[in-house]
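Novice: One structure, pasted below without further comment.
In the UniProt record's numbering, the protein residues as written are 1 to 377.
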């Protein structure tokens, strides 16, 4: 619940400001009035410019697992524990209508050193600027601090988490008038410059839970509600190996055999059904059965084939590459079992790929990007 004390606003739920995020039914569709070849028009501002309701806002956006095996570019989910944080402030020293990335910190120093502070080339900066244009912010300048909780090129939606946190922070700072679809579009402005126009990271990072991208022309998103009374955990094992999304996309086939298409389509359908039914066993099994993308990407990640075998042999319901990798994701329904499987997967990365790795057992993040504090002073 939200609480207010000493001009500071905190939130641990979907609610922030005076607005409540929509309560999704088992499935619901969000239609976004956008086209993948179009950009946001900087000259189409709202009639009235919004006034800031806070001086600063701090927001968090979770990591994501995209593709989920056979759902390449159209399925993804948010996972808890991991993510990026943005602190956004009104700054009189910044030219009105613009944003600057004042500083970047993080849990992974090597990642921080590679990130640009130029807002035109920074995921958070691009998304924040897009949200500002949508709102019509012209009279104040903003300063953004980014804390990276995620490593770069990890397959956990690092760029999307930064973009989602930034878009949500801008929206909250000026009263929260942007819709979920607006925020997704702002995030996509960032994604298409960094890793391509795909929403299977940015949509779940913003919306939480499982999200299906029904269409890109126009963009239509479907929120898939996994039953709250079912236990679902993800074993995320990340090796010390960076795998930029654009390079991994270059390895994908231009043509797909009919039988491979049919097999993947049936597994993707089973995966969606398993999500809605809360059937973790089928979810894991379907997630493991990608016959198009994973066979091309797995050989590019040292030890991945051995890691998948170790996960399944250890008792996981299924295992695949998270996003474009190199993180491997396994599905379980017991936390202690997940920790044991994680250890086996770490060992497999070391033995099969000579890569050090770390394991985290995470739950489904049902909330998505959210404001965690606001300051009115």
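We put the CB at the ideal spot given by N, CA and C, even for glycine.
Remember, predicted model here, so these are calculated numbers, not experimental data.
#1: Note the first and the last residue of the continuous beta strand (DSSP E) segment covering residue 66.
#2: May I ask which residues mark the beginning and end of the beta strand (DSSP E) holding residue 375?
#3: Return helix, strand or coil for residue 77, following the three-state DSSP convention.
#4: Count the other CB atoms within 10 Å of the CB of residue 237; is the residue buried (16 or more) or exposed (fewer)?
#5: Using three-state DSSP, classify residue 21 as helix, strand or coil.
#6: Would you list the residues sitting across from residue 319 in a DSSP beta bridge?
#7: Threshold first: 4 residues or longer. Then list the alpha helix (DSSP H) segments lying entirely within the UniProt domain "GHMP kinase N-terminal" (128–209), N to C.
#8: Between the Cα of residue 272 and those of 226, 230, 107, spot the shortest distance and give me the residue it belongs to.
#9: Quick check on residue 105: buried or exposed, where buried means 16 or more other Cβ atoms within 10 Å of its Cβ?
#10: Looking only at its chain, what residues have a beta carbon closer than 7 Å to the beta carbon of residue 265, apart from the 5 residues adjacent to it on each side?
#11: Rounded C-beta distance between residue 314 and residue 347? I'm assuming under 8 Å.
#12: Alpha carbon to alpha carbon, how far is residue 362 from residue 81?
#13: If you run the structure through DSSP and keep just helix, strand and coil, what is residue 405?
#14: Alpha carbon to alpha carbon, how far is residue 255 from residue 149?
#15: Let's test the definition: count the other Cβ atoms within 10 Å of the Cβ of residue 38 and tell me whether it reaches 16, buried, or not, exposed.
#16: List the DSSP bridge partners of residue 286.
#17: What three-state label does DSSP hand residue 306 in the structure shown?
#18: CB-CB under 7 Å to residue 194, same chain, minus the five flanking residues each way: which ones, in chain order?
#19: How far does the beta strand (DSSP E) with residue 234 in it extend, from its first residue to its last?
#20: What is the DSSP secondary structure of residue 39, reduced to helix, strand or coil?
#21: Using only the alpha-carbon positions, how far apart do residue 138 and residue 96 sit?
#22: Any idea if residue 67 is buried or exposed, counting beta-carbon neighbours within 10 angstroms, 16 or more meaning buried?
#23: Rounded to whole angstroms, what's the CA-CA distance from residue 322 to residue 184? Just pull it up for me.
Specialist: To lay it out plainly:
#1: 56–66
#2: 370–375
#3: Per DSSP, reduced to three states, the secondary structure at residue 77 is strand.
#4: buried
#5: Model confidence at residue 21 stands at a pLDDT of 38, short of 50, so the residue's coordinates are unreliable; what they give is reported in the following sentence. Coil, per DSSP.
#6: 330
#7: 158–173, 180–194, 202–207
#8: For the residues 226, 230, 107, the minimum Cα distance to residue 272 belongs to 226.
#9: exposed
#10: none
#11: In fact, because the Cβ distance is near 10 Å, the residues do not count as touching under 8 Å.
#12: 6 Å
#13: Nothing can be reported for residue 405: it is not among the residues displayed for the chain, which extend from 1 to 377.
#14: 37 Å
#15: For residue 38, the predicted model reports a pLDDT of 38, less than 50, meaning its position is unreliable; a value from the coordinates is still stated below. Label assigned to residue 38: exposed.
#16: Looking at the DSSP assignment, residue 286 forms no beta bridge with any residue, so it has no partner.
#17: helix
#18: 123, 159
#19: Counting along the chain, the beta strand (DSSP E) containing residue 234 begins and ends at 233–239.
#20: Because the pLDDT of residue 39 is 40, which lies under 50, any placement of that residue in the model is unreliable, and the number read from its coordinates should be weighed accordingly. The answer is coil: DSSP assigns residue 39 none of H, G, I, E or B.
#21: 6 Å
#22: buried
#23: 21 Å
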